[in-house]
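Residue numbers (the working numbering): 40 to 318.
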């Protein structure tokens with residue numbers, strides 16, 4: 040907690056951003072976009088973003104909103120362009136964002152490898168764009184289909200068992216002093232953003248054209264490929280995690296279900312096992 044409190048003078052703008060993200064993802068889109076605008080002014084005034092970055096975000100959001108009025112080839116081209124825009128922001132390829140380093144080569148436990156963590160400014164913009172492009176993801180709740188939901192939930196501990204068998208992780212019980220800033224960043228800036236993009240948007244888009252099974256499968260495969268920088272094993276683990284979260288979204292139609300599955304998996308990884316990998 041002391042570590043988190045010491046960061047408050049630096050991280051307070053992210054609370055505005057997160058409030059906007061939660062509002063938008065909960066169906067209060069106008070409030071979410073208003074809070075995003077407030078955050079944008081604050082970030083620009085503090086030098087966290089440049090006018091170029093603001094322009095790129097504004098162009099992407101306007102383009103995403105316009106997708107609802109396009110059909111046929113125009114809509115297809117627009118979705119391809121939006122996906123490219125989202126991937127560029129998610130991969131931190133757009134200049135002008137000063138993501139804040141909050142954990143610098145720290146260790147979750149004695150047997151864990153070192154890792155660093157940033158509070159991102161660029162990646163969360165993806166959430167607002169896909170909500171504008173595919174607003175139905177926030178009101179697609181349906182009666183729960185128990186079988187796919189239970190399969191998705193059961194996949195999470197099975198994935199840990201697979202990781203233990205492959206020696207990709209080892210048991211290590213720990214709750215590091217920086218867990219709160221990790222939870223804040225991972226839940227909202229990572230899991231909420233990624234699930235909105237891969238499940239709420241991509242899975243829904245693919246399913247609307249090719250059916251639910253291909254929607255879950257292809258979105259999960261793409262989620263795995265997004266982790267290619269970590270190697271082939273991480274691609275496989277991420278794809279399986281993506282499939283589990285995809286089943287959660289398919290079974291319920293509620294975006295927060297895969298978000299909490301994703302975050303719960305990451306939290307258990309941190310608390311119960313070497314994070315991110317053994318030394």
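The beta-carbon is built from N, C-alpha and C at its ideal position, and this holds for glycine as well.
Anyone know if the C-beta pair for residue 283 and residue 135 falls short of 9 Å? 9 Å or more divides the Cβ of residue 283 from the Cβ of residue 135.
So what does DSSP say about residue 294, is it helix, strand or coil? For residue 294, the three-state secondary structure derived from DSSP is coil.
Tell me, which residues are paired with residue 156 by DSSP? Under the DSSP definition of a beta bridge, residue 156 partners with 142.
Quick check on the burial criterion: 16 or more other C-beta atoms within 10 angstroms. Buried or exposed for residue 329? Residue 329 lies beyond the residue range present for the chain, which begins at 40 and ends at 318; the question has no answer from this structure.
Pick from 103, 182 and 141: whose alpha carbon is nearest that of residue 164? Checked all of 103, 182 and 141; the closest Cα to residue 164 is 103.
Alpha carbons only, please: which of 253, 256, 304 and 280 is nearest the one belonging to residue 266? Each of 253, 256, 304 and 280 was checked against the Cα of residue 266, and the nearest Cα belongs to 280.
Please classify residue 52: does DSSP put it in a helix, a strand, or coil? Helix at residue 52.
How should residue 271 be labelled, buried or exposed, when 16 other C-beta atoms within 10 angstroms of its C-beta is the threshold for buried? Exposed, because fewer than 16 other Cβ atoms sit within 10 Å of the Cβ of residue 271.
What whole-angstrom Cβ distance do residue 48 and residue 85 have, given they're in contact under 8 Å? About 11 Å separates the beta carbon of residue 48 from that of residue 85, a gap too long to meet the 8 Å contact definition.
So, for residue 66: in the same chain, excluding its five sequence neighbours on each side, which residues have a beta-carbon less than 7 Å away from its beta-carbon? Taken in chain order, the residues that qualify are 177 and 178.
Excluding the 5 residues preceding and the 5 following residue 296 in the sequence, name in chain order all residues of the same chain whose CB lies nearer than 7 Å to its CB. Closer than 7 Å at Cβ, skipping near neighbours: 287 and 288.
Can you confirm whether the segment 120 to 136 touches the segment 155 to 164 when touching is taken to mean that 3 or more C-beta pairs between the two stretches lie within less than 8 Å? Yes, the segment 155 to 164 is in contact with the segment 120 to 136.
C-beta atoms of residue 220 and residue 141 nearer than 9 Å: In this structure, residue 141 lies closer than 9 Å to residue 220 by Cβ.
For the alpha helix (DSSP H) containing residue 266, name the first residue and the last one. Following the DSSP letters along the chain, one finds residue 266 in no alpha helix (DSSP H), marked with neither H nor E.
Residues bridged to residue 151 by DSSP? Beta bridge pairing from DSSP links residue 151 with 317.
By Cβ distance, which residues of its chain are closer than 7 Å to residue 173, with the 5 residues on each side in sequence left out? Same-chain partners within the cutoff: 239, 240, 243 and 244.
Contact belief for residue 258 with residue 294 at Cβ below 8 Å, rounded distance in angstroms: Not really, about 13 Å apart at Cβ, beyond 8 Å.
Could you pull out every residue in the same chain whose Cβ sits closer than 7 Å to the Cβ of residue 83, ignoring the five residues on either side in sequence? Once the five neighbours on either side are set aside, the close Cβ partners of residue 83 are 93.
Between residue 210 and residue 203, what straight-line distance do the alpha-carbon atoms span, to the nearest angstrom? Their Cα atoms are separated by approximately 8 Å.
Separation of residue 207 from residue 80, as counted between CA atoms: About 43 Å.
In three-state terms, what does DSSP make of residue 216? In the three-state DSSP reduction, residue 216 falls in the coil class, being neither helix nor strand.
Can you list, in chain order, the residues of its chain whose CB lies under 8 Å from that of residue 253, leaving out five sequence neighbours each side? Here the set comprises 245 and 246.
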